[in-house]
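By the count of the UniProt record's numbering, the sequence shown reaches residue 144 at its end, each step adding exactly one.
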Amino acid sequence: MSIFKLCGVIWIGVILFILGIQDIKRKEISCWWLISLLPLIVFELAMPSEITLIERIFGILLGLFFVILSKVTRGQIGIGDGYILCAMGVILGIGKSTILLSYAFLLTSAVSIVLLVFFRCNRKKTIPFVPFLFLGYLGCILIK
């Protein structure tokens, strides 16, 4: 892995970590942190990669699905989650984005079960999703 690629992987992880903390504390994320990924996205698109343009487009569509879902559910699913998935989609492509999302859903489900069973929370309890996207991202880069 080149030094540029490694810096990009670390930068994405740092941004997702910061956004995850924001999501936990305020139930919203700062667009400025998300915008800070733009130089990395431009770099990824400019450099030759094993991820094709079609895979990146489908990755963006995965995120757009969640943006639309947020609008349809009137914000029950955070629109910021969709924006993050759009950014991850263009950087990672549809394959790794789907894996990231699967890990995030699996971890969210496990935490939800624990909250329901042991802490007697109801189904209406909101759970921030960005921390699980961060953990899913870690799973993607650590389990290759």
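All residues carry an ideal CB built from backbone N, CA and C; glycine is no exception.
A contact is defined here as three or more CB-CB pairs under 8 Å, and the region 73-92 fails this definition with respect to the region 106-122. Unbroken alpha helix (DSSP H) stretches of 4 residues or longer found wholly inside the UniProt domain "Prepilin type IV endopeptidase peptidase" (13-112): 31-35, 38-46, 53-72, given in chain order.
Rounded to whole angstroms, the gap between the alpha carbons of I127 and I141 is 24 Å.
If you draw a straight line from the Cα of S112 to the Cα of I35, it is about 30 Å long. Where I141 is concerned, the enclosing alpha helix (DSSP H) starts and stops at 130-142. For L100 and P131, the gap between their C-alpha atoms comes out near 12 Å.
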